[in-house]
DNA sequence: TGATAATATTCGAAATCTCGAATATACTGA
DNA sequence: TCAGTATATTCGAGATTTCGAATATTATCA
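Residue numbers (the numbering used here), protein chains in the order written: chain G, 28 to 139; chain D, 28 to 139.
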C-alpha cells in the first residue's frame with residue numbers, strides 16, 4: 028500500500044520532529060555516546076533522554092550498543108547524516124525567512 | 028540560540044511527519060497543482076487539504092501561487108526534493124526492517 | 001548477597017495535533 | 001449585485017505527544 032509506506036516515511040520525519048531529538052542526532056555526529064553523556068550534554072532529565080532515544084531507536088535512526096553498565100548510541104544509517112547536511116543547505120537558503128520566523132516565535136512566546 | 032535553531036529545524040521535519048503531507052510533497056514533484064486537484068488525487072476533505080497545506084506553507088516547504096479563483100502549489104525549495112531522494116535510498120537500505128515495521132503497523136491498527 | 005550505577009519503562013497530567021463540520025473569504029461571471 | 005466555485009479559517013472532540021515522578025531492569029562490585 029502506498030499509504031503504509033508513506034506512514035512509515037512520515038514516521039521517520041516525525042521522529043526527527045522534536046528539538047531534543049534533532050539535538051541528539053547532531054551530537055551523535057561526533058561519534059557514539061552513552062545515554063548518560065547525551066543527557067548530560069543536553070541538560071535534560073534521564074528519563075526524558077531515554078524516552079527520546081526509544082523513539083529514535085524505534086525508527087532505526089539510532090542504534091544502541093550495550094557495554095557493561097551503559098548503552099552507547101550512534102546514528103545507525105549514514106544516509107541520515109547526508110539528509111541533515113542537505114537540510115543545512117536548505118536552512119541557509121531560507122535563512123532570511125528563518126530569522127524572521129525565529130523573531131515571530133520569540134514574540135509569540137513572550138506574549139503568553 | 029542553538030535551541031531556537033533546532034526548534035526551527037524540528038519544525039520542518041515535523042511538518043513532513045504526516046502521511047498526507049508526505050503525499051502532498053510527493054505529488055508536487057510532478058509540478059504545481061491546485062489545492063483542489065491535490066485533494067482530489069488524495070481523496071481527502073477540502074478543509075483537511077487546506078489545513079495540511081497551511082502547515083506546509085508555514086514551514087515554507089510549499090508555496091502557493093494565486094491565479095484567479097484557485098491557488099497553485101509547488102515545492103518551494105528544490106533542496107527538499109534532494110532530501111526526499113536521499114530518504115528514498117535510506118528507506119531502501121532499511122527495506123527489510125521497513126517491511127517488518129509495516130507489518131507491525133498493520134497489525135497494530137487491526138487490533139483497535 | 002546487597003548496594004550502587006546506568007538505563008528503561010510506566011503513569012498521569014498538560015500540551016499539541018488531527019479531523020470533519022461549519023463558516024468565512026476571495027474571485028468570477030451572469 | 002447575486003450566485004457559484006475555490007480555498008482558508010475556526011471550532012470542538014478525540015487521539016497522540018511530552019514531561020517529570022516513580023518504579024523497574026540490568027550490570028558491576030564489594
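In this text, a Cβ means the ideal position worked out from N, Cα and C, and glycines have one as well.
Q. When the Cα atoms are used, what is the spatial distance from residue 64 (chain G) to residue 102 (chain G)?
A. Walking along the first chain from the start, residue 64 (chain G) turns up at place 37. Walking along the first chain from the start, residue 102 (chain G) turns up at place 75. C-alpha separation (whole angstroms): 15 Å.
Q) Exposed or buried, residue 105 (chain D), counting other C-beta atoms within 10 Å across all chains shown (16 or more means buried)? A) Within the second chain, residue 105 (chain D) is the residue found at index 78, counting from 1. Classification of residue 105 (chain D): exposed, given that the 10 Å Cβ count is below 16.
Q | Pair within 9 Å by beta-carbon distance, residue 76 (chain G) and residue 55 (chain G) | A | On the first chain, position 49 is the one that residue 76 (chain G) refers to. On the first chain, position 28 is the one that residue 55 (chain G) refers to. No. Outside cutoff.
Q: Find the residues of chain G that neighbour residue 117 (chain D), judging by a C-beta separation of less than 8 Å, and give them in chain order.
A: Sequence index remark: in the second chain, residue 117 (chain D) carries index 90 (1-based). Result: 39, 104, 106, 107, 110.
Q.
Just to make sure I have the definition right: I need the residues of chain G whose C-beta is within less than 7 Å of the C-beta of residue 49 (chain D). Which are they?
A. Position 22 of the second chain, counting from 1, holds the residue named residue 49 (chain D). What residue 49 (chain D) touches in chain G: 33, 36, 37.
Q.
Run through chain G and tell me which residues come within less than 7 Å of residue 54 (chain D), C-beta to C-beta.
A. Along the second chain, one-based indexing puts residue 54 (chain D) at 27. Within chain G, no residue has its CB atom less than 7 Å from the CB of residue 54 (chain D), the nearest being about 11 Å off.
**Q.** Among D:46, D:30, D:66, the one whose alpha carbon lies nearest that of residue 49 (chain G)
**A.** The residue given as residue 49 (chain G) occupies position 22 in the first chain. In terms of Cα proximity to residue 49 (chain G), the closest of D:46, D:30, D:66 is D:30.
Q) Since residue 89 (chain D) sits in a beta bridge, which residues does DSSP pair it with? A) Counting from 1 along the second chain, the entry for residue 89 (chain D) is found at position 62. Residue pairing by DSSP places residue 89 (chain D) opposite D:102 in a beta bridge.
**Q.** Cutoff 8 Å; reference residue 59 (chain D); Cβ partners in own chain excluding five residues on either side
**A.** Taking the second chain and counting its residues from 1, the one referred to as residue 59 (chain D) is at position 32. The residues are 92, 99, 100, 101.
Q) For residue 44 (chain G), which residues in chain D fall below 7 Å Cβ to Cβ? A) For the purposes of this step, residue 44 (chain G) is taken as the residue at position 17 of the first chain. Per Cβ cutoff of 7 Å: 37, 40, 41, 44.
Q: Check whether the Cβ atoms of residue 44 (chain D) and residue 38 (chain G) sit closer than 9 Å, and answer yes or no.
A: Within the second chain, the letter at position 17 stands for residue 44 (chain D). Within the first chain, the letter at position 11 stands for residue 38 (chain G). It is a contact, given that the beta carbons lie within the stated cut-off.
Q: Consider the C-beta atom of residue 112 (chain D) and the heavy atoms of the ligand ADP; say whether any pair is separated by less than 8 Å.
A: With respect to the ligand ADP, the structure offers nothing, as it holds no ligand at all.
**Q.** CA-to-CA distance, residue 96 (chain D) to residue 111 (chain D), given in whole angstroms
**A.** Mapped onto the second chain, residue 111 (chain D) falls at position 84. Mapped onto the second chain, residue 96 (chain D) falls at position 69. If you take the alpha carbons of residue 111 (chain D) and residue 96 (chain D), they lie about 31 Å apart.
Q) What three-state label does DSSP hand residue 94 (chain D) in the structure shown? A) Walking along the second chain from the start, residue 94 (chain D) turns up at place 67. In this structure, residue 94 (chain D) counts as strand in the three-state DSSP scheme.
Q) Relative to the C-alpha of residue 68 (chain G), which residue among G:51, G:41, G:94 is closest? A) What you label residue 68 (chain G) is simply residue 41 of the first chain in a count that begins at 1. If we check each option's Cα against that of residue 68 (chain G), G:51 comes out closest.
Q) Does the beta-carbon of residue 66 (chain D) have 16 or more other beta-carbons within 10 angstroms, so that it is buried, or is it exposed? A) Locating residue 66 (chain D) in the second chain gives position 39, where the first residue counts as 1. So residue 66 (chain D) ends up on the buried side.
Q) Skipping 5 residues on each side, what residues in its chain have a beta carbon closer than 7 Å to that of residue 35 (chain G)? A) Against the first chain, residue 35 (chain G) aligns to sequence position 8. Excluding positions up to five away in sequence, the list is empty.
Q | Min CB distance residue 83 (chain G) to chain D below 9 Å | A | Working through the first chain from its first residue, we reach residue 83 (chain G) at position 56. The C-beta of residue 83 (chain G) comes no closer than 9 Å to any C-beta of chain D.
Q | Pick from G:116, G:108, G:94, G:115 that is closest to residue 116 (chain D), judged by C-alpha positions | A | Here the question's residue 116 (chain D) lines up with position 89 in the second chain. For residue 116 (chain D), the closest C-alpha among the options G:116, G:108, G:94, G:115 is that of G:108.
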